[in-house]
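First residue of the sequence shown: 8, per this note's numbering; consecutive thereafter.
Heads up, the beta-carbon is just placed ideally off N, CA and C, and yes, glycines get one too.
All figures in this text were calculated on a predicted structure; none of them were measured in a lab.
This report refers to the structure that appears directly beneath it.
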Amino acid sequence: MSLKHIVFGEPAVAVLKEAIGMDEKMEGEVLSFEDDLSVGPLFILDTKEGQAGRQQWWQQMQGVTPAPAPVTPDMFEETENQEPAPEPELEHSADEERFLALKAMLKEDPELEIWIWAGQNARDVAGYYWLVSKLYDYAGRIHIIYLNNLPFLNEKGAVFYPTHLHQILPKEFLKAKKLARPISLAEYELDGDEWHRMMNENAGLRLLEGGKKLKGEPATFYDKDLLQQTGKDFIKAWRVAGQVTGKLKYPVMDQFLTWRLKELVKEGKLESRGELKTLRDFEVKQPGGEPAAAETAPES
């Protein structure tokens with residue numbers, strides 16, 4: 008039997024690789040899917056058009072403007088019965104390419120088993136739903152290890168309940184591996200249906216309510232909390248985001264909160280000082296009051 012491990016996000020890779028090095032029975036490549044499916048649009052994500060739409064959203068969130076199509080002389084030529092230009096072929100997303108490679112491995116090696124590792128957070132659970140909806144043909148060879156509300160020991164030997172895989176000590180993974188079990192046929196059906204429901208709902212973000220239950224919310228869900236952390240004086244954007252995430256059981260990614268702060272500035276609900284790039288590049292405050300003497304970038 009050969010084995011491959013699946014995680015959702017690069018931070019989990021290093022600790023799992025270290026754990027694998029401690030147990031030859033766990034030997035196998037670690038494959039990470041990088042897109043955080045707990046945030047952003049999911050509509051028709053099982054198509055190239057849906058993947059392209061999501062890539063455009065990521066570009067928007069990162070402040071990247073898609074390049075315009077190049078202008079060529081033949082665009083202005085008029086000819087009778089001119090055939091319309093063919094639509095450009097859309098490329099697969101990076102994670103879709105990783106999945107296609109994984110599917111090819113499963114076809115080529117009938118002995119290959121997959122272990123999906125998921126922590127108790129929205130990113131891992133959303134990634135699980137996406138992946139399991141595409142693997143029905145390999146039932147019996149796909150295992151899940153969902154570390155849902157389970158106690159682990161930290162570096163000081165104290166018990167804690169991790170929400171993310173990277174919080175777990177490598178040696179603790181050796182206990183967790185005992186939880187590996189094949190995904191049942193009923194789960195393929197129910198969880199596949201849940202993924203399609205999430206795609207059709209197309210919420211702005213998805214929050215974990217417990218177990219594997221994800222609740223869709225609008226992209227503006229945290230806006231009120233971000234606004235509550237600001238006042239009439241400028242405050243560093245990273246402090247605003249940190250005060251919001253510090254109160255959450257399941258933190259949301261900084262990049263998402265950065266985008267929401269920028270959107271609040273565009274809407275005139277906040278004023279900014281500095282460059283609207285990362286959280287450490289600008290400050291925000293509520294509108295009104297004395298204008299800043301100079302537009303200077305804040306300290307990091």
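CB of residue i within 8 Å of CB of residue j, strictly
{"i": "K239", "j": "K276", "result": "no"}
{"i": "A244", "j": "G223", "result": "no"}
{"i": "L154", "j": "A183", "result": "yes"}
{"i": "R213", "j": "A129", "result": "yes"}
{"i": "V247", "j": "Q262", "result": "no"}
{"i": "I149", "j": "P189", "result": "yes"}
{"i": "S100", "j": "D53", "result": "no"}
{"i": "L215", "j": "L271", "result": "no"}
{"i": "L10", "j": "R105", "result": "no"}
{"i": "D230", "j": "R267", "result": "yes"}
{"i": "M8", "j": "E118", "result": "yes"}
{"i": "H311", "j": "G35", "result": "Coverage of the chain is limited to positions 8 through 307, which leaves residue 311 absent and any answer about it impossible."}
{"i": "Q174", "j": "N156", "result": "no"}
{"i": "G134", "j": "F15", "result": "yes"}
{"i": "L186", "j": "L176", "result": "no"}
First through last residue of the alpha helix (DSSP H) which encompasses residue i
{"i": "G60", "result": "55-68"}
{"i": "R246", "result": "244-252"}
{"i": "E201", "result": "192-208"}
{"i": "Y135", "result": "129-139"}
{"i": "R105", "result": "101-115"}
{"i": "R280", "result": "Taken as a continuous stretch (DSSP letters only), R280 belongs to no alpha helix (DSSP H), being part of the beta strand (DSSP E) at 278-281."}
{"i": "K284", "result": "Careful: K284 lies outside any alpha helix (DSSP H) and carries neither H nor E."}
{"i": "E179", "result": "177-183"}
{"i": "L268", "result": "261-273"}
{"i": "K256", "result": "First-last for K256: undefined, no H or E at that position."}
{"i": "L234", "result": "230-235"}
Spatially closest choice to residue i from the options, by CA coordinates
{"i": "I123", "options": "G218, K163, V132, A248", "result": "V132"}
{"i": "F40", "options": "V20, D53, H150", "result": "V20"}
{"i": "K55", "options": "P258, D102, L172", "result": "D102"}
{"i": "K178", "options": "E162, F167, A187, H171", "result": "E162"}
{"i": "I121", "options": "K185, Y145, F263, Q58", "result": "Y145"}
{"i": "P225", "options": "M205, K219, G218, F241", "result": "M205"}
{"i": "E274", "options": "T285, T227, G253, L197", "result": "T227"}
{"i": "G217", "options": "A187, K256, W65, Y229", "result": "K256"}
{"i": "M260", "options": "H171, A26, S191", "result": "H171"}
{"i": "K284", "options": "Q66, G57, K220", "result": "Q66"}
{"i": "L181", "options": "M8, P18, K24, V14", "result": "K24"}
{"i": "M112", "options": "E31, L142, K220, Q63", "result": "L142"}
{"i": "G253", "options": "A187, D232, I242", "result": "D232"}
{"i": "F241", "options": "G249, A193, P294, E194", "result": "P294"}
{"i": "L197", "options": "Q58, G249, K219, L186", "result": "K219"}
{"i": "Y195", "options": "E31, D116, S140", "result": "S140"}
For residue i, the first and last residue of its enclosing beta strand (DSSP E)
{"i": "F289", "result": "289-292"}
{"i": "E216", "result": "212-217"}
{"i": "K222", "result": "220-224"}
{"i": "L4", "result": "The chain is shown from 8 up to 307; residue 4 falls before or after that span and cannot be answered."}
{"i": "L154", "result": "149-154"}
{"i": "L119", "result": "119-126"}
Checklist entry - At what residue ranges does the stretch 9-35 contain a whole run of the beta strand (DSSP E), taking only runs of 3 or more? => result 9-15
Checklist entry - Are the stretch 37-51 and the stretch 163-174 touching by the rule of at least three beta carbon pairs closer than 8 Å? => result no
Checklist entry - If we count Cβ pairs, one from each stretch, closer than 8 Å, do we get three or more for the stretch 190-204 versus the stretch 278-289? => result no
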